[in-house]
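First up is the structure itself, then whatever we jot down about it.
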Amino acid sequence: MIPELGQFALILALVLAGAQAFFGIFGAARGDLRWQAVVRPAVAGQFVLISTAIGALVHAFVSFDFSVLYVASNSNSALPTFYRVAALWGAHEGSLLLWAWILAAWTLAVAIASRNLPASFASRVMGVLGFVSFGFLLFTVATSNPFERIFPVPADGRDLNPVLQDPALAIHPPMLYMGYVGFSVAFAFACAAMLEGKLDQVWAKWTRPWTTMAWSFLSVGIALGSWWAYYELGWGGYWFWDPVENASFMPWLVGTALIHSLAATEKRGVFKSWTLLLAILAFSLSLLGTFLVRSGVLTSVHSFAADPTRGLFILGFLIIVIGGALALYAWRAPMLKSPAGFEATAREAFLLYNNIFLVVAAAMVFVGTLAPLIADALGITPLSVGSPYFDRLFPMLMLPLGALVSVGIHAAWKRGQLGNNRRRILVGLGVAVLCGLTLVYAVYGPGKALTPLGMVLGVWIIVSSLFDPIDRLRRRLTLPRAVLGMTLAHIGLGVGVLAISTVESYSVERDAAIAPGESLVLGRYAYRFDSIKPIEGPNYDGVRAVVTVLRDGEPVALLHPEQRNYWVQRSTLTEAGIASRWNTDLFVALSKEVGGGRWSVRAQLRPFIDWVWLSAALMALGGVLAVSDRRYRARAAASEPAVAQGSAAEAT
Amino acid sequence: MSRFLIPAAIFLALAGVLYVGVVHSPNKSTMQSALLGKPVPDFNLPVLGKPGMTLTKAQLDGRPWVLNVWGTWCVACREEHATLLEIGRQNALPLVGLSWKDEDEAALDWLSQLGNPYSVVAVDHDGRTAIDFGVYGAPETFFIDAGGRVQYRHVGPMTPEVWEREFLSRVPRGGLP
């Protein structure tokens, strides 16, 4: 009964989404206030209904209702409660439901926060969001119903995919979706502006906090996924250029470009049509990410199980939403005029360079990810470009970007001259060269060709970010959260560059077969295999080893790598043993028993790998701080023209 | 007007590619394997139903052969079994089964009940050889050439079309040595 209730709620939500789209867009077009008045109640109702559907599905999972196909496919009576709730988004149908729910939540937030916006504009924004929601709900109800029953009812479920049974992965999809779906707000703002035929600096001011918030969520989501792959899959790295990873990275790159171009549009009224295009692009890539992961078009673990009708549906949806937005763009963007002129060394120019590098990087990832698909469509033998392509090209784009950040961060709007900031640039570069080269040649020893460059750039970005806030403090000026947030995010970038340079250059790893009592030596460290014994978990059994890590003969860490066999899905999973120290990770993964009591073991030293994820956290924190800045909270600010360019606003 | 149309044009081209990708489902199962074109990983596995015997890579070198990864617990393997029986009857290529993470008894039962299409079945209890081959899930089928190199990988149930197009077509003209 309850699952049917959930399904019914979902269908009602679909109807409301249709009403929201129709009355939102056409109500504004006709200038009919009664039509527009339908929109907000529809948004609220939709949120309540989709929440009801989510509740119904959670109830089915928690109460072991294996008569629901989705529950039977993705849980088991031995599955712990926490994962029975997280199993909600463990597969296709539930993920879509989560997507729709998060969209409803974002739309509700927009409905509440847009009361100060002009009525017709707010109505159009919510109308566009309603249209997106309608598409997703229709897709869910028509092709991917999570409430489908199964008869005869199985005695037990097939269990959640064991690789998903992990706390970080349980919260990774909601975070990622908060980011993906959050870009729909920027998209809706862009579409509404194009429908109105008007885009001014106030528009950019409204759009910025939403975009930055979505970007922050996406940063956290990507970092969580990467962290999970590190310790759960036993791969021992932080990024593998896997199609699914790339699918989330492309919207992030374009989203990063978008938050920077929005800043220029807000402050100087420039890049209007470019900003619109980026807003469309960021959300399009989010949709495409969902499409690639969910349709099985790209090689994925379950590509043969994918349903072509689903792929076609999403493709049709993509064509209507993205194609429609781009057609609107082709029609309206030529009418937008940007005030002419800024120096090639002004802040606008640096933001433009930043955008070029980020968008080219996104395009590079895009081509690399879709190469197999394009080759297939052209009838060439399927090929996969693999990580060598990305590893070679990506630093070539990111290292110049790092230098641009370090220089451009000092530039002033419009008439910025590098000469005015010569001291800051030279001091920053001097400190960076000194620290970077010390790190390379005195602390770690020479690494790869790009190592010194990466180290110097990382330090340079951090030092450059600090000039402005320190200057403000010294002059006893206020330090607005927007500036603080930007500084933090840029420091995060610098930390990320440093961490990646270190881990790429100085990681050591060794595979060997050793028996209990024997050791594996990695530089100053020795991994001593002490013992191994069987273990039993709630839905798996396996073995756990005890490995002592010694540094110069002194024990420094105790690791417990595991090998788990999940009963229901018959899969073997590696739980790596990791000891995180501030400057390095000691990592050991247990592979297989090779006979004679010997186990094949992979041991690694990964310096500063945790700082890669920390850098993402810093960026996200910076984004959240910037969003909480006073000028976004001020009620009246929404309706006044954006002329208040005090020194605080000037810098952001 | 013109330059503002460029994004829409690029998108349309992309949509076309994606459309082909979705509709062209047979090619979808051509998973890229890191092994394509590379030598078969070494293995030394017990032979199902023949205690004491082992199958190694060296025994198979010198002629093309096909490796099919299966398990009795795998529904899609049951689906492809009829096709495999037909392939076994053709006897065009040696079909080597890899009993993946399975009980020997269950595997033998399965073969006696449904018929045995394989020339020989190797047993991979802990799934290590399958991992060396980069197997994602059962069933998967590999074509290995006379030089011992993996030339093709099919993911998912085998179908007569795939067999004709991707496997038989790779056998050198003039038949087998």
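Residue numbers (the working numbering), protein chains in the order written: chain G, 30 to 681; chain V, -8 to 168.
Ideal Cβ positions, reconstructed from N, Cα and C, are used throughout, including at glycine.
- At least one C-beta of chain V is nearer than 8 angstroms to the C-beta of G:L355.
- The Cβ atoms of G:P481 and G:R659 lie no closer than 8 angstroms to each other.
- Beyond the five residues adjoining it in sequence on each side, V:V87 comes within less than 8 angstroms, by CB distance, of L46, L51, W56, V57, L58, N59, Y109, S110, V111, V112, A113 in the same chain, given in chain order.
- Closest by C-alpha distance to G:F246, out of G:W235, G:A649, G:V524, is G:A649.
- Residue-level contact by beta carbon holds for G:A362 and chain V, with a gap shorter than 8 angstroms.
- The continuous alpha helix (DSSP H) containing G:W135 extends over residues 121 to 142.
- Using a Cβ distance threshold of 8 angstroms, G:L455 and G:V485 do not count as a contacting pair.
- For G:A140 against G:A215, the beta-carbon gap comes to about 16 angstroms, at or over 8 angstroms, which does not count as contact.
- Measuring C-alpha to C-alpha distances from G:V87 to each of G:F76, G:T110, G:V68 identifies G:T110 as the nearest.
- Taking all protein chains shown into account, G:D500 has fewer than 16 neighbouring C-beta atoms within 10 Å of its C-beta and is therefore exposed.
- Cβ proximity to chain V below 7 angstroms picks out K621 from the segment 619 to 647 of chain G.
- Counted as a single uninterrupted DSSP element, the alpha helix (DSSP H) harbouring G:Q49 occupies residues 31 to 59.
- Here G:Q194 carries a coil assignment [DSSP, helix/strand/coil].
- At a cut-off of 8 angstroms, the C-beta of V:A6 has a neighbouring C-beta in chain G.
- The beta carbon of G:R178 sits closer than 8 angstroms to those of P32, S96, V97, L98, all from its chain and outside the five residues before and after it, given in chain order.
- For the segment 509 to 565 of chain G, the continuous alpha helix (DSSP H) assignments of 4+ residues that do not extend past its boundaries occur at 510 to 535, in sequence order.
- For a Cβ distance threshold of 7 angstroms, residue set T601 of chain G lies close to V:G118, ordered along the chain.
- Shown here, G:L634 sits in a strand according to DSSP, grouped into three states.
- Chain order gives no chain G residues near V:F134, where near means a beta carbon separation below 8 angstroms; the closest approach is about 14 angstroms.
- A contact between stretches requires three or more CB pairs, one per stretch, nearer than 8 angstroms, and the segment 68 to 77 of chain V fails this requirement with the segment 136 to 146 of chain V.
- A Cβ-Cβ contact shorter than 8 angstroms links G:D540 with G:R631.
- DSSP lists G:F616 as the bridge partner or partners of G:I607.
- Taking a Cβ-Cβ cut-off of 8 angstroms, G:I79 has no neighbours in chain V, whose nearest Cβ is about 27 angstroms from it.
- Sequence-distant partners of G:T241 (beyond 5 residues in either direction) whose C-beta falls short of 6 angstroms from its own C-beta, in its chain, are I288, G652, A655, V656.
- Residue contact check for V:P(-2) against chain G: a CB pair falls below 8 angstroms.
- With a threshold of 16 other beta carbon atoms within 10 Å, G:L463 falls short and is exposed.
- At least 8 angstroms separates the beta-carbon of G:K562 from that of G:V578.
- Neighbours of G:A89 in chain V, taken as residues at a C-beta separation under 7 angstroms, are lacking, since the least C-beta distance is about 23 angstroms.
- Among the bridge pairs identified by DSSP, G:L316 is matched with none.
- Shown here is that no member of the segment 237 to 260 of chain G has a Cβ falling below 8 angstroms from a Cβ of chain V.
- The C-alpha of G:E225 lies about 53 angstroms from the C-alpha of G:P636.
- Buried is the label assigned to G:D614, since at least 16 other Cβ atoms lie within 10 Å of its Cβ.
- Flagged as an interface residue toward chain V: G:A359, by a C-beta distance shorter than 8 angstroms.
- For V:S90, the enclosing beta strand (DSSP E) begins and ends at 86 to 91.
- In chain order, L344 make up the part of chain G whose C-beta sits under 7 angstroms from the C-beta of V:Y10.
- Here G:Y556 has S548, L549, V576, V578, V617, A632 as same chain residues with Cβ atoms under 7 angstroms from its own Cβ, once five neighbours each way along the sequence are excluded.
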